[in-house]
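**Student:**
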Amino acid sequence: MTEVNLVDSAKCPHCREEVSGEELNALETAMAEETMLVCPECDTILGGAMGDGMFASLAATQLAEELDEIRDVVEALMDAAEADQPDDIDDESLELLDDRMGAAEVNIN
Ligand SMILES: [Zn+2]
1096 MTEVNLVDSA
1106 KCPHCREEVS
1116 GEELNALETA
1126 MAEETMLVCP
1136 ECDTILGGAM
1146 GDGMFASLAA
1156 TQLAEELDEI
1166 RDVVEALMDA
1176 AEADQPDDID
1186 DESLELLDDR
1196 MGAAEVNIN
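Just so it is clear: in the sequence shown, position 109 is 1204 by the numbering used here, and no numbers are missing.
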């Protein structure tokens, strides 16, 4: 059995800020099942579980044009992540993703 030593504080690899346990911001995903620890100074992600939900949340933050839209984009991304084939993706989700990311194109030039 592996023993893990827990530390009370650590330095952020980005801004070198000393962060202790209580200061770490837990960023919860829209699905609320995964959490990431974020540096309180610079918002660098320091660790945590990364699953589809977290990926979708981070991607949606980049893709959404307004804060209100993030949830819709997360849902569209999750829809796409869970689909086995393009036909399984809800039309509205597909439309939103197309709009934000642009339709996939292959360029051979
Ligand atoms: Zn930092």
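Cβ atoms here follow ideal geometry from the backbone N, Cα and C, with glycine treated the same way. The structure displayed is predicted, hence computed values, not measured ones.
Mark leucine 1162 as exposed unless 16 or more other C-beta atoms lie within 10 angstroms of its C-beta, in which case mark it buried.
**Tutor:** Along the sequence shown, read from residue 1 onward, the residue named residue 1162 stands at position 67. Its Cβ having fewer than 16 others within 10 Å, leucine 1162 is exposed.
**Student:** Between the C-alpha atoms of valine 1168 and cysteine 1110, what's the straight-line distance to the nearest angstrom?
**Tutor:** By one-based count along the sequence shown, residue 1168 stands at place 73. By one-based count along the sequence shown, residue 1110 stands at place 15. Approximately 30 angstroms, taken between the alpha carbons.
**Student:** According to the neighbour-count rule (16 or more other Cβ atoms, all chains shown, within 10 Å of its Cβ), is methionine 1173 buried or exposed?
**Tutor:** Numbered from 1 along the sequence shown, position 78 holds the residue referred to as residue 1173. So methionine 1173 ends up on the buried side.
**Student:** Just the C-alpha distance for aspartate 1186 and alanine 1175, rounded to the nearest angstrom, thanks.
**Tutor:** Position 91 of the sequence shown holds residue 1186. Position 80 of the sequence shown holds residue 1175. Roughly 11 angstroms separates the two Cα atoms.
**Student:** Within the same chain, show all residues whose beta-carbon is closer than 7 angstroms to that of isoleucine 1184, passing over the 5 residues directly before and after it, in chain order.
**Tutor:** Residue 1184 sits at position 89 when you count from the first residue of the sequence shown. Excluding positions up to five away in sequence, the list reads Asp1174, Ala1175 and Ala1178.
**Student:** How many angstroms separate the CA atom of isoleucine 1165 from the CA atom of glutamine 1180?
**Tutor:** By one-based count along the sequence shown, residue 1165 stands at place 70. By one-based count along the sequence shown, residue 1180 stands at place 85. So the two alpha carbons sit approximately 24 angstroms from each other.
**Student:** So for glutamate 1112, helix, strand or coil by DSSP?
**Tutor:** Along the sequence shown, one-based indexing puts residue 1112 at 17. Residue state, collapsed to three classes: coil.
**Student:** How big is the Cα-Cα spacing for proline 1108 and leucine 1153?
**Tutor:** Counting from 1 along the sequence shown, the entry for residue 1108 is found at position 13. Counting from 1 along the sequence shown, the entry for residue 1153 is found at position 58. Computed Cα separation, rounded: 20 angstroms.
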